[in-house]
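The first sequence begins at 0 in numbering that gives the first Met the number 0 and counts up by one. Working notes for the structure below.
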Amino acid sequence: MPTPAPVLHWFRRDLRLADNPALCHAVEQGRPVIPVFIHAPGEEAPWAPGGASRWWLHHALERLAEDLAKRGSRLVIRQGDTLDAIRALCAETGASLVTWNRLYDPATVARDTAVKTALRERESGVEAVSFNAALLHEPWTIATGQGGPYKVFTPFWKRCLAEGTPPEPLAAPRKLAPPTRWPESLSVGALGLLPTIRWDGGLAQAWAPGEKGAHGALRQFLDGPVGTYDTDRDRPGIVGTSRLSPHLHFGEIGPRQVWHAVRQKTDPRSKDAQRFLAEVGWREFAHHLLFHFPTTPEAPLRPEFARFPWRRSATDLEAWHRGRTGYPIVDAGMRELWTTGWMHNRVRMIVASFLVKHLLLPWQEGARWFWDTLVDADLANNTLGWQWTAGCGADASPYFRIFNPILQGAKFDPSGAYVRRWVPELSGLPDAVLFRPWEAPPSTLASAGVRLGVDYPLPIVDHATARARALGALERMGQARSA
DNA sequence: TGAAATGTTGGGGCG
DNA sequence: ACGCCCCAACATTTC
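Printed below as a string of structure tokens:
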């Protein structure tokens with residue numbers, strides 16, 4: 000009896016074995032399964048993974064390969080053109096079915112559509128089938144009464160909640176039948192994902208990529224912070240959030256698993272649980288928007304913002320990148336990002352507002368920096384966040400909502416723990432001036448060992464002046480329309 | 001998922 | 001006792 004043709008499971012950002020519908024489908028065929036990862040960053044252009052994401056991907060792939068090995072299987076790694084790689088693997092192994100889980104960013108949607116069409120049309124007749132692993136509700140399944148996409152979060156999320164409980168997560172396959180002969184594979188290291196200059200020490204200390212790390216993070220969150228999430232989520236100085244974002248981005252855990260774990264562990268009517276699930280909802284909303292408005296990573300959703308009079312200043316942008324703006328809460332955030340590849344969400348809003356409104360630099364510059372430095376860089380979430388801050392997106396904060404970095408710092412980091420951790424040169428300052436050191440009396444600065452302009456920069460813009468300038472720029476945009 | 005300016009109210013000091 | 005003023009506290013509006 001001839002050996003049955005194997006099934007290829009094409010891993011992308013679904014780097015897990017549990018609740019992986021495409022992988023389960025492959026296993027259910029009762030045939031050998033060949034798990035494959037194809038490194039083709041050019042196909043995701045212009046949003047190929049940035050430096051921090053590549054670091055994460057390297058480690059996530061290593062963990063996935065180990066987990067597959069425990070189930071009698073392997074991870075086959077290739078690079079280059081995806082379609083060529085899949086065809087080559089089908090030819091080498093005799094595989095006649097390829098499975099994968101869908102993604103929703105424009106470049107990948109186009110690539111995957113082309114791959115599926117090409118595989119089916121070829122004389123080889125390879126079948127391709129895709130599944131949903133990444134979302135509670137795929138973008139085209141949720142529509143307004145008019146049949147269009149949602150542009151406001153609250154009705155979107157109500158509509159999602161009305162869909163009822165999402166399906167129970169699927170169990171991980173116990174065993175993956177190996178092929179009679181394994182095709183050749185690159186090593187993870189051969190993909191060159193790790194930085195050549197070793198800036199990744201802080202990342203390694205902060206994170207445990209991989210499916211096991213994802214479930215560890217979820218368990219830690221459910222054992223503590225979820226119980227006070229509604230209030231503590233806004234406090235960057237404490238661990239009040241789930242820190243699941245990079246795990247979700249790489250699909251080491253899926254939203255269905257998170258949903259059911261939260262519902263099981265908490266009172267689903269509690270404000271804390273509802274607020275957390277609403278944050279999962281924002282992730283859904285971001286994917287909904289990116290799918291329906293695929294130009295938004297580059298262009299503002301609200302067209303009048305194409306005329307907004309942005310500034311250009313390499314000096315100011317550099318000060319923001321490096322956390323040397325002179326505003327402690329902003330600088331703390333930018334340094335946390337640089338060191339750990341992550342930034343607390345409250346602080347993301349503050350630093351983003353500062354770039355866009357105080358410095359008047361284009362939100363796309365901020366999105367690019369986040370893209371390269373965040374381990375959770377996700378095109379849907381990043382685009383939504385930056386357009387929201389700039390006031391040019393869906394459900395956007397009005398442009399005149401300008402965060403005051405002094406008040407925001409004092410309000411959300413009342414003990415100063417966050418700023419003192421990430422801006423240690425200011426740690427000796429008393430709380431009263433910690434968020435505005437330029438107003439501290441000379442004696443206070445001296446006893447804290449701070450020489451402004453030497454140990455820590457003076458503010459690169461004055462808050463009141465910058466606020467007035469931002470409002471003036473908005474005014475000019477409005478005038479440009481009527482002119 | 002703001003901040004600042006402006007408006008209103010009411011208690012208390014004081015002539 | 002009464003009216004006036006001050007201003008903190010809160011509410012509203014404006015950017």
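Ideal placement from N, C-alpha and C gives every residue a C-beta, glycine not left out.
Every unbroken alpha helix (DSSP H) within the region 131-189, with a cutoff of 4 residues, ordered by chain: 152-161
Same chain, Cβ closer than 7 Å to glutamine 78, five either side skipped, listed in chain order: Ile37, His38, Ala39, Leu185 and Leu190
Touch test, the region 2-21 against the region 90-109, Cβ-Cβ under 8 Å, three pairs minimum: yes
Beta-carbon separation (whole angstroms), alanine 277 vs tryptophan 437, contact threshold 8 Å: Their Cβ separation, rounded to whole angstroms, is 38 Å, which puts alanine 277 and tryptophan 437 out of contact at 8 Å.
Closest by C-alpha distance to serine 52, when choosing among Ile252, His248 and Pro168: The residue with the shortest Cα to Cα distance from serine 52 is His248.
Chain-order list of residues whose beta-carbon lies under 7 Å from that of aspartate 430 (same chain, five-residue window excluded): Gly415
C-alpha gap between proline 397 and threonine 388, whole angstroms: 9 Å
Per-residue burial, arginine 475 [other beta carbons within 10 Å of its own, 16 or more giving buried]: exposed
Span of the alpha helix (DSSP H), counted from its first residue to its last, around tryptophan 337: 327-339
C-beta contact flag for glycine 408 and proline 327 at 8 Å: Yes, the Cβ-Cβ distance between glycine 408 and proline 327 is below 8 Å.
Simplified DSSP state of proline 3, which is helix, strand or coil: In the structure shown, proline 3 sits in coil (DSSP, three-state: anything other than H, G, I, E or B).
At least three beta-carbon pairs within less than 8 Å, the region 346-358 to the region 220-227: Judged by Cβ distances under 8 Å, the region 346-358 makes no contact with the region 220-227, as fewer than three pairs qualify.
Within 8 Å, strictly: CB atoms of alanine 305 and leucine 383: no
Coil, strand or helix - asparagine 403 by DSSP: Reduced to three states, the DSSP call for asparagine 403 is coil.
Cα-Cα separation, lysine 115 to threonine 314: Rounded to the nearest whole angstrom, the CA to CA distance from lysine 115 to threonine 314 is 46 Å.
Opposing strand residues paired with threonine 98 [DSSP bridges]: His8 and Val128
Residue burial classification, glutamate 27 (beta-carbon count within 10 angstroms, cutoff 16): exposed
Alpha helix (DSSP H) segment containing valine 422, residue limits: Per DSSP, valine 422 belongs to no alpha helix (DSSP H) and is neither H nor E.
Whole runs of the alpha helix (DSSP H) within the region 12-65, excluding any shorter than 4 residues: 20-27
Counted within 10 angstroms of its Cβ, other Cβ atoms place lysine 150 as buried (16 or more) or exposed: buried
Arginine 232 versus alanine 331: straight-line alpha-carbon distance, rounded: 17 Å
Simplified DSSP state of leucine 247, which is helix, strand or coil: helix
Three-state secondary structure assigned by DSSP to arginine 466: helix
Burial state of glycine 390 (16 or more Cβ within 10 Å): buried
Cβ-based burial, glutamate 317 [other Cβ within 10 Å; buried from 16]: Exposed, because fewer than 16 other Cβ atoms sit within 10 Å of the Cβ of glutamate 317.
Own chain, CB closer than 8 Å to proline 458, minus 5 neighbours either side, in chain order: Thr324, Gly325, Tyr326 and Trp437
Residue span of the alpha helix (DSSP H) that contains isoleucine 349, given as start and end: 344-352
Contact belief for alanine 376 with phenylalanine 369 at Cβ below 8 Å, rounded distance in angstroms: 6 Å
Rounded C-alpha distance that separates tryptophan 54 from phenylalanine 220: Each residue's Cα considered, the two are about 24 Å apart.
Cα-Cα separation, arginine 321 to serine 244: 23 Å
According to DSSP, residues forming a beta bridge with leucine 451: Tyr455
Three-state secondary structure assigned by DSSP to valine 75: strand
Contact set for threonine 372: own chain, Cβ-Cβ below 6 Å, skip 5 residues either direction: Correct list, in chain order: Ala51 and Leu336.
Other residues of its chain near alanine 482: CB distance less than 6 Å, five sequence neighbours each side excluded: Residue confidence for alanine 482 is low, a pLDDT of 46 falling below 50, so the modelled location carries little weight and cannot support an answer.
Beta-carbon proximity of leucine 135 to tryptophan 309, cut-off 8 Å: Not in contact: leucine 135 and tryptophan 309 (Cβ atoms no closer than 8 Å).
Rounded C-alpha distance that separates arginine 73 from threonine 98: 16 Å
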